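These notes concern the structure reproduced below.
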Amino acid sequence: MAKVVTLGEIMLRLSPPGYQRFAQASDFEINYGGAEANVAASLAQFGNDAAFVSKIPANAIGDAAVATMKKLGVDCRHIVRGGKRLGIYFLENGASVRPSSVVYDRADSAITQALAEEFDFDTIFEGVDLFHVSGITPVLSDTAAELTMTALKKTKEHGVTVSFDLNYRAKLWTEDVEGKQKMLSDMMPYVDICFGNARDAAKCLGYTEGDTDFINGDYSICVDEEHMTNVMKHYGFTHLITTLRNSISASDNGWSGAICTSSGLYQGSNYNLHIVDRVGGGDSFASGVLHGILSDMGAEKALEFGLAAAAIKHTIPGDLNFISENEVLALMDSDGAGRVQR
1066 MAKVVTLGEI
1076 MLRLSPPGYQ
1086 RFAQASDFEI
1096 NYGGAEANVA
1106 ASLAQFGNDA
1116 AFVSKIPANA
1126 IGDAAVATMK
1136 KLGVDCRHIV
1146 RGGKRLGIYF
1156 LENGASVRPS
1166 SVVYDRADSA
1176 ITQALAEEFD
1186 FDTIFEGVDL
1196 FHVSGITPVL
1206 SDTAAELTMT
1216 ALKKTKEHGV
1226 TVSFDLNYRA
1236 KLWTEDVEGK
1246 QKMLSDMMPY
1256 VDICFGNARD
1266 AAKCLGYTEG
1276 DTDFINGDYS
1286 ICVDEEHMTN
1296 VMKHYGFTHL
1306 ITTLRNSISA
1316 SDNGWSGAIC
1326 TSSGLYQGSN
1336 YNLHIVDRVG
1346 GGDSFASGVL
1356 HGILSDMGAE
1366 KALEFGLAAA
1376 AIKHTIPGDL
1386 NFISENEVLA
1396 LMDSDGAGRV
1406 QR
């Protein structure tokens, strides 16, 4: 069992029932989730010792968020309680030709004002195998960026492997793009395992290769072996891992992924998914791959484990992936037909 720490924000998610639009809704369904919280929850369910580090308000909503994580076996001892509010996002579930839509209400949330000195990272990282964070957290505020960088520096003092999901979110990149790219680029020397591809690197890190247009050009060049390898070598990653999603509609997607190491690039199995809820799918993928790496499965099987974990997540409402390691392994060994288990 590996010991893992994630750092980030958990948010309150409010959604109209079913596939209603915001304008139709008279009530909202409640879920809790956030990139790093989702990863911690999945890793805990896979049997790892997973801790989530955050700042969460000391009120009833904060209590409910913490209780959600504890219910899934996540260690919440290092969560600091305080701050003004829990971040909120509103999700309108799409269907067929209508995409899902997200509205954020996270300004001045507790994590955006969390100070590095509120956390004892020497204690937090004692005996830890892996630290995971995403590019979402540091772009929330200057203090969140400082908190993330402080944690990254501490990982190297404690010999902790670092996983970083670039996790580009356009609505968080409307201002000071170059400043945010430099800030995230300064974090990359601390990163061992990166989730992303050449397009993500171009958007989040300002990565370039001559005249190649990774942002507006053909997506296939962003995930081919040559350019994935170039990104990996440029930043010194041991692994560069990406999802490969073919959006047929908001309800149906093709799903695969690829992992690049010093041994080359491996593309995984393809899944045809009918989507119940795609939010958290990428986090389930990341947690599955990380579990595979931490379990010494090897790069190819780790990728397959991540793809299967995320495929199942697409069938589960909410941000969090309520599945076990055995369920993922069973899908990997099946034809994916979803037959009743008797």
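The end of the sequence shown is residue 1407 by my numbering, with every number in the run present. Ideal Cβ positions, reconstructed from N, Cα and C, are used throughout, including at glycine. From a predicted model like this one, the values you see are computed outputs, not experimental measurements.
Item	Value
Just checking my contact of Lys-1219 with Phe-1186 at CB under 8 Å: how many whole Å lie between their CB atoms?	4 Å
My parser needs the alpha helix (DSSP H) runs of 4 or more residues fully inside the region 1172 to 1231; what are they?	1186 to 1189 and 1207 to 1222
May I ask which residues mark the beginning and end of the alpha helix (DSSP H) holding Phe-1370?	1364 to 1378
Buried or exposed for Asn-1113, going by 16 or more other Cβ atoms inside 10 Å?	buried
Which whole-angstrom value describes the C-beta separation of Ala-1115 and Val-1139, a residue pair presumed to lie in contact below a C-beta threshold of 8 Å?	6 Å
Would you identify the three-state DSSP class for Arg-1407, choosing helix, strand or coil?	Any reading at Arg-1407 needs caution, since the residue's pLDDT is 42, under 50, leaving its predicted position unreliable; the model's value is listed next. Correct three-state label for Arg-1407: coil.
Give the DSSP bridge partners of Gly-1329, in chain order.	Thr-1326
Where does the unbroken beta strand (DSSP E) through Leu-1385 begin, and where does it stop?	Note, Leu-1385: premise wrong, no beta strand (DSSP E); not H, not E.
Within 8 Å, do at least three Cβ pairs link the region 1276 to 1283 to the region 1129 to 1139?	no
Apart from the five residues on each side of it in sequence, which residues of its chain come closer than 7 Å, Cβ to Cβ, to Val-1145?	Lys-1120, Ala-1179, Glu-1183 and Phe-1184
Any idea which residues DSSP pairs Arg-1078 with across the strands?	Asn-1096 and Tyr-1154
Note the first and the last residue of the continuous beta strand (DSSP E) segment covering Asp-1140.	Element bounds for Asp-1140: n/a, residue is neither H nor E.
Please report how far the alpha carbon of Gly-1301 lies from the alpha carbon of Asn-1386, in whole angstroms.	31 Å
In this structure, does DSSP put Val-1168 in helix, strand or coil?	strand
Between Leu-1077 and Gly-1127, what straight-line distance do the alpha-carbon atoms span, to the nearest angstrom?	9 Å
Would you tell me roughly how many angstroms separate the C-alpha atoms of Asp-1331 and Asn-1262, rounded to the nearest one?	In the sequence as displayed, the identity of residue 1331 is Tyr instead of Asp. Their backbone Cα atoms lie some 14 Å apart in a straight line.
Return the Cβ separation of Leu-1359 and Leu-1137 in integer angstroms, given the expectation that the two are a contact with Cβ distance under 8 Å.	Going by Cβ atoms, the distance from Leu-1359 to Leu-1137 rounds to 18 Å, so no, they are not a contact pair.
Grouping DSSP H, G and I as helix and E and B as strand, with all else coil, what is Leu-1249?	helix
In the DSSP assignment, the beta strand (DSSP E) including Lys-1068 goes from what residue to what residue?	1068 to 1072
Roughly how many whole angstroms lie between the Cα atoms of Asp-1092 and Arg-1086?	11 Å
Checking contacts by CB at 8 Å: is Asp-1173 closer than that to chain C?	The structure shown contains no chain C; it holds only a single protein chain.
Taking just the CA atoms, how far does Lys-1298 sit from Asp-1276?	19 Å
Look up Ala-1260 in the DSSP assignment and give the residues it is bridged to.	Reading the sequence as shown, one finds Phe at residue 1260 and not Ala. Asp-1230 and Ile-1306, per the DSSP bridge assignment.
Taking buried to mean at least 16 other C-beta atoms within 10 Å of its own C-beta, is Ala-1125 buried or exposed?	exposed
Which residues mark the beginning and the end of the beta strand (DSSP E) in which Ala-1115 is found?	1114 to 1118
DSSP three-state label for Ile-1358, please.	helix
Could you check what DSSP says for Val-1090 in three-state terms: helix, strand or coil?	The question names Val, but residue 1090 is Ala in the sequence shown. In this structure, Ala-1090 counts as coil in the three-state DSSP scheme.
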